[in-house]
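K.L.:
Structure below; questions to follow.
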Amino acid sequence: MSLFLSYLLPGIPYGCAYALMAVGLVLTYRASGVFNLAFGAQAYVSAVVFSIALHDGWPGWAAFVVAVLLASPAIGLAMERLLFRYTRTAGPLVKLVPALGLLIAIPAVTQMVIGTATRLPSSLVLEPWKVYFHLASTPVSGEELSTTVITVAVVAAFALVLRSSGLGLRMRAVVESPRMAELSGVRSDRTSATAWVLSSLLAGLAGVLLAPLYSTVSASNFTALLVAAIAAAAIGSFTSLPITLIGAIGLGIAQQLLAGYLPSGTILSSGLRPAFPFVVLAVALVAGRTLRQPEAGDPLASCDPPAVAFRAPTRLTEVTVGSRAFTALVVGMLVATTLVLVPGNWEFVFTLGIVLSIVFLSITLLTGMGGQISLGQAAFVGAGAFTAGQLAMHSVPVLGAIVLAGVLAAALGAVVALPALRLGGIAVGLLTLSFALLATNVLFLYPWSGNGATGLTVPRPALGPISFAGNGAFFWLALVFLVVLAGVVKLVQWGTTGQELAALRGSERGSAAVGIDVRRLRVVAFTLSAAIAGIGGALYASLQQSISVNDFNYEFSLIYVVVVAAVGVYSVAGAIEAGILYAVLMQLTSTLPSRYSSLLALVFALAALTYVRHSEGVVAYAKAWVLDRAEQLTRHLQGPGLSLAGEAHIQDRTDRPAVASGDASAEHPGSPTEHPGSPDVHAVPRSHS
Amino acid sequence: MVAMLAVTLLAAVLAACVSAAPDASAGQTTGVYPKRIVVGALVSETGPLPALFAPIVTGARAYLDMVNAKGGVAGRRIDLATTLDDQSSPSIDASQARTLVDEDHVFAVLPVATASFTGGKFLAANGVPTFGLNVNPQWMDGPSLFGNSGSYVNFSPSATVVQPAFVAQQHHAHAVAVLAYNIAQSQEGCQGMVNGLRKYHVPVAYEDLSIPAPASDLHADVTRMKQAGVDMVVSCMDLGGDVLLSNTMRATGMTHVTQLWATGYDESAIRQYTSAMQGAYFMEPNVPFEVTKLHPGVYPGMDLFQKMLKKHFPHTKPSETALAGWTSAALLVQGLRKVGRHLTRKRLVRAINSIKSFTAGTILAPVDWRTAHTSSGPLNCSAFVQARGKRFAPVYGTPKSVFSCFKTPTPPTTRPISLLNPVPAGVPPARAT
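This is the structure in structure tokens:
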């Protein structure tokens, strides 16, 4: 009994930590429909501010006021006012991408401001490691005591406010239907902002309270807490605060018991434990009901007029020809300089860009074309990479191993798609994220897969007498793979599957209504996407020659989505541009001082914030803008009397996002319906040659 | 394609071409100019364990500043022009190594302190002289890679490390726990310690060599250690993990446990974590920093290190990583002096690999660079220190030296392990204290 208690008791403060964050997540999710993945980042900022203030000699109460009562709510309010107020009626991807951007941007900005020096956590009330009393002969420390008492009190207070106060009533009304609440005189805008402030207050409190659980103040600790908090929120069906609290504490205890009773020193004990919340999350998502109906929303949503169809842009022949010539020039320049002018490391950089383009193509197919959110692409990339490595170790020719890696990744994609069939929207994203966590913490650690942190060595391929050992030769090989796979994606886009995927992206229910087998389509999309990611991973492994689990950490899945969404998720060209841009900017920023090492991620994260208004991506938007201006200039130069016969309709029908229902306008909030005064805001993915 | 992409690509190509353009004043050897030698650093400044690696640049820079202030070597200043951060990522490490050589055109890579050293293969293949903190097996990849106290590390599963068994015997420990991260060098380093403990019949009561890094919760491990009656713990984690371990033991009532930490011998660390570090032991490949105050003038190399560090970086406290930077720079300079004015990478590598006894001026136990790439050498010496209050104190050793030296290899025995006494020839200091 004593041993059981000694495992059980330390789980309670961790459970409380999950609960604090889970309650914050539920608040914002219920009030604004946004799954605030940046919650952990907000907690991190408060912990840093609190630590710095105390270090600078501030009294504890002043540090608390600034870190918890001012800084964190201010960040939350800014997030709501500047970003998420515009996403209330938007689709899940529009809500998710900016949240992912903030998850990456907030710690990056913090690091740039405070530097990379190690920061020690400071305790809020009791001395964290001092034993205050014994419970059934098990010592109880200050950290355990303070975290538990404060969490239970705060969650109880929040539950009381939501259940019994006027504010709680208004918040619940806004959750049900913002429009209906407004008809009753409730300012849903203001109520939603209040929910964000309260939730951010919890983030701040969580940051300050939980920091002493760790030896240093680190953003990754809070991100890890967040993923467990999501599982706790799922247990409470994203609605019930008391059940969320109980679920969170249960989760913390279960983790400790697992750690205690699983054999030590094994991958199961070290890996399953951090991955356990995601096993719980996967079960809760698939078994629960709340997130299974992503399209259920405001009962008054049907009062909206149907979405205005996106304009089908036309281009003058001169502009089209000029654009294509420019494309050819840039591609030619890229190839020529890579092979002739640049030093070896840049040859490597451009090759890496091509390999990343292949990986990003998998996101284009799944998310851009099919509207399915995957936050676990890095797991498929890793699966491909390690398959190639293992096969190469067993004397399979590397080129064959690359192809087989795609096959295995495809099979994994199909397996992951099966439970996802019951889900939709953000829930699919969370499920795939849970798979990525499981892969990083368990699957990739075994010697027969990724061999843990030691990793694998993967040779460069050869085809008979042709060796691809040199960077220049490998560049050509990667280019051939890119052209072939981009062609495959284009063929899918042009074919029936592409049309069906476009319909699925527009509305899952609408697609089913017109006879599309949505379940089959989702499995096909996941399988194809995983296959492409797997081949990309195998090429990445062969390019790098030495890979480990760190190359495919679950965080890369989030970064991949942010990068592709920021550049342009709807087109093949967007994936290629994203890959090349990412590799080039990574190299250009690699020589900056370490405090700016997050600059690369920050650039894309900030670009992702624009997704709310420009879901086509900043590069795609910029391309359209440039082509519009070029067209205006051309028309101006040609003078009056220009006939429409001289125009070329270059917009391919299949490149347009589906606009079959109101869901599409939600996915493209920048459409003329919502911004009639903004003629430039046409969330139209133009054709990309 | 598009304007933005084109602009970025143009910028990239321009940057690449500019960096590729040869310097008109350059000689035939990359990075060697009439009045300067360009070197570049590769360090894990960000990632899970930055504090472990980042200070190496300070140590190297302090040494180079001192040498440059005296006119450099053979009329050339040594310019530590670039420090690249590999973000503790294996793939970025390899990429940054290529950048240093192909783009920054460094003559040598100094210092290196990285979580993984995948770039080592490329540097070895290109014969680039490379100096730094040896915690990765890649340091054995070629004769141009020089670890701070030899390039050989026995990462085989059967490797044995005698020092923890010696400390356990000194404390009459009955049940020892060994903890390590699930990171190769941490795991393999501690596996050698487990083997050593078993070889010398010290009971290993608890073993967990797969803790996820960085450590975030050690309650289960500590509870199991308590159940097993552990009275000594050996840790191959980083400072953060060790502090968490110590605090968790305190919170669960496990006091009076002897602790041997692989890292954390750092003045600023003991000021920050005074209570957590109390009584912990550390073993070092170099003489302790405290000898400067305890035995002034006996270890002139250590005196000089601390003096120069204070002079050039007054806010930086001595640490084992900073010292690794200093000794790495000292090895480069010693090699450069041997080569003289007609400098090439090959000549430098050959010159260093002919050094019979390198001690960085009485700081290290002697390293024989004729064999130090492939074997651990004839001497197995460490200096032990213990955290006491806000300071460290040297412990064990022999009347003639702060180093504790063991036979190589030490034969299996049921009797207490004895130190080599007197210390073998060549072990600093030359004079008795």
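These protein sequence lines map, in sequence, to chains A and B.
The opening residue of the first sequence carries number 4 in the working numbering; numbering runs sequentially from there.
The opening residue of the second sequence carries number 214 in the working numbering; numbering runs sequentially from there.
Where is the CB? At the ideal position from N, CA and C, for every residue including glycine.
Indicate whether at least one CB of chain B lies closer than 7 angstroms to the CB of Gly1/A.
P.N.:
The requested residue 1/A does not occur in the structure, where chain A is confined to residues 4 to 692.
K.L.:
Between which two residues does the alpha helix (DSSP H) containing Leu440/A stretch?
P.N.:
Per DSSP, Leu440/A belongs to the alpha helix (DSSP H) from 429-444.
K.L.:
DSSP on Ile376/A, reduced to helix/strand/coil?
P.N.:
coil
K.L.:
Name the two residues that bound the continuous beta strand (DSSP E) containing Leu40/A.
P.N.:
Taken as a continuous stretch (DSSP letters only), Leu40/A belongs to no beta strand (DSSP E), as it is neither H nor E.
K.L.:
Curious, which full-length beta strand (DSSP E) runs of at least 3 residues does the segment 453-494 of chain B contain?
P.N.:
471-474
K.L.:
If I measure Cβ to Cβ from Val447/B and keep anything under 6 angstroms in the same chain, skipping five residues before and after, which residues do I get?
P.N.:
The answer, listed in chain order, is Pro377, Val391, Met406, Leu473.
K.L.:
Tell me, please, whether the segment 238-256 of chain A touches the segment 219-229 of chain A by the rule of three or more beta-carbon pairs shorter than 8 angstroms.
P.N.:
no
K.L.:
Can you give me the C-alpha to C-alpha distance between Leu332/A and Glu580/A, rounded to a whole angstrom?
P.N.:
Leu332/A and Glu580/A have their C-alpha atoms roughly 15 angstroms apart.
K.L.:
Where do the N-terminal and C-terminal ends of the beta strand (DSSP E) with Glu420/B fall, by residue?
P.N.:
Counting along the chain, the beta strand (DSSP E) containing Glu420/B begins and ends at 417-424.
K.L.:
Who are the neighbours of Ile396/B on chain A, taking C-beta pairs under 8 angstroms?
P.N.:
Ala456
K.L.:
Here's the rule I'm using: 16 or more other beta-carbon atoms within 10 Å means buried, otherwise exposed. How should Phe179/A be labelled?
P.N.:
The question names Phe, but residue 179/A in the sequence shown is Glu. So Glu179/A ends up on the exposed side.
K.L.:
So, helix, strand or coil for Phe597/B, using DSSP?
P.N.:
strand
K.L.:
Short check: CB of Ala418/B to CB of Cys403/B, under 7 angstroms?
P.N.:
no
K.L.:
Taking the CB atoms as reference points, tell me whether Ala604/A and Ala139/A lie closer together than 7 angstroms.
P.N.:
The beta carbons of Ala604/A and Ala139/A sit no closer together than 7 angstroms.
K.L.:
Taking only beta-carbon atoms, is Thr626/B less than 7 angstroms away from chain A?
P.N.:
no
K.L.:
Out of Gly642/A, Ser75/A, Gly145/A, state which residue places its alpha-carbon closest to the alpha-carbon of Leu12/A.
P.N.:
Gly145/A
K.L.:
Compute the beta-carbon to beta-carbon distance between Val598/B and Phe605/B, rounded to the nearest angstrom, for a pair I have assumed lies under 8 angstroms.
P.N.:
At roughly 4 angstroms, the Cβ-Cβ gap stays under 8 angstroms, so Val598/B and Phe605/B are in contact.
K.L.:
In the DSSP output, what is Thr592/A paired with across the bridge?
P.N.:
According to DSSP, Thr592/A bridges with nothing at all.
K.L.:
In chain order, what residues of the same chain lie with their CB nearer than 6 angstroms to the CB of Met279/B, ignoring the 5 residues before and after it?
P.N.:
Met521
K.L.:
Measuring only between beta-carbons, confirm whether Gln380/A sits less than 7 angstroms from chain B.
P.N.:
It does not; no Cβ of chain B falls within 7 angstroms.
K.L.:
Which residue wins for smallest C-alpha separation from Arg525/A, given the options Ile550/A, Ile233/A, Val384/A, Thr370/A?
P.N.:
Thr370/A
K.L.:
What three-state label does DSSP hand Cys403/B in the structure shown?
P.N.:
In this structure, DSSP gives Cys403/B a helical state, which the three-state scheme calls helix.
K.L.:
Quick check: Ala442/A and Ala382/A, are their CB atoms within less than 7 angstroms of each other?
P.N.:
yes
K.L.:
Against Asp3/A, what residues of chain B qualify as contacts under a CB-to-CB distance less than 8 angstroms, listed in chain order?
P.N.:
What the structure shows of chain A is the stretch from 4 to 692, and residue 3/A is not part of that stretch, so it cannot be assessed.
K.L.:
Can you give me, in chain order, the residues of the segment 218-231 of chain A that have a beta carbon less than 8 angstroms from any beta carbon in chain B?
P.N.:
Ser218, Thr219, Ser221, Ser223, Asn224, Ala227
K.L.:
Going by DSSP in three states, Arg463/A sits in which element: helix, strand or coil?
P.N.:
coil
K.L.:
Within 10 angstroms of its Cβ, does Ser5/A collect 16 or more other Cβ (buried), or is it exposed?
P.N.:
exposed
K.L.:
Only counting the same chain, and skipping five residues up and downstream in sequence, which positions put a Cβ closer than 7 angstroms to that of Val352/A?
P.N.:
Ala586, Val587, Gln590
K.L.:
Classify His617/A: buried if its beta carbon has 16 or more other beta carbons within 10 angstroms, exposed otherwise.
P.N.:
Its Cβ being crowded by 16 or more others within 10 Å, His617/A is buried.
K.L.:
Among Asn281/B, Asp581/B, Gln309/B, Ser301/B, which one has its Cα closest to the Cα of Thr594/A?
P.N.:
The candidate whose alpha carbon is nearest that of Thr594/A is Gln309/B.
K.L.:
For Arg84/A, count neighbouring C-beta atoms within 10 Å of its own C-beta (all shown protein chains included) and say buried if the count is 16 or more, exposed if not.
P.N.:
exposed
K.L.:
Tell me which residues share the same chain as Gly379/A and place their Cβ nearer than 6 angstroms to its Cβ, disregarding the 5 neighbours each side in the sequence.
P.N.:
Thr435, Leu436, Phe438, Ala439, Ser560
K.L.:
Please check if any C-beta of chain A sits within less than 7 angstroms of the C-beta of Asp479/B.
P.N.:
no
K.L.:
Is Asp292/B close to chain A? Criterion is C-beta to C-beta, closer than 7 angstroms.
P.N.:
no
K.L.:
Which of the three DSSP states is assigned to Ser357/B in this structure?
P.N.:
Coil.
K.L.:
If you drop the 5 nearest sequence neighbours on each side, which residues of the same chain put their C-beta closer than 6 angstroms to that of Ala254/B?
P.N.:
Val270, Thr296, Pro324
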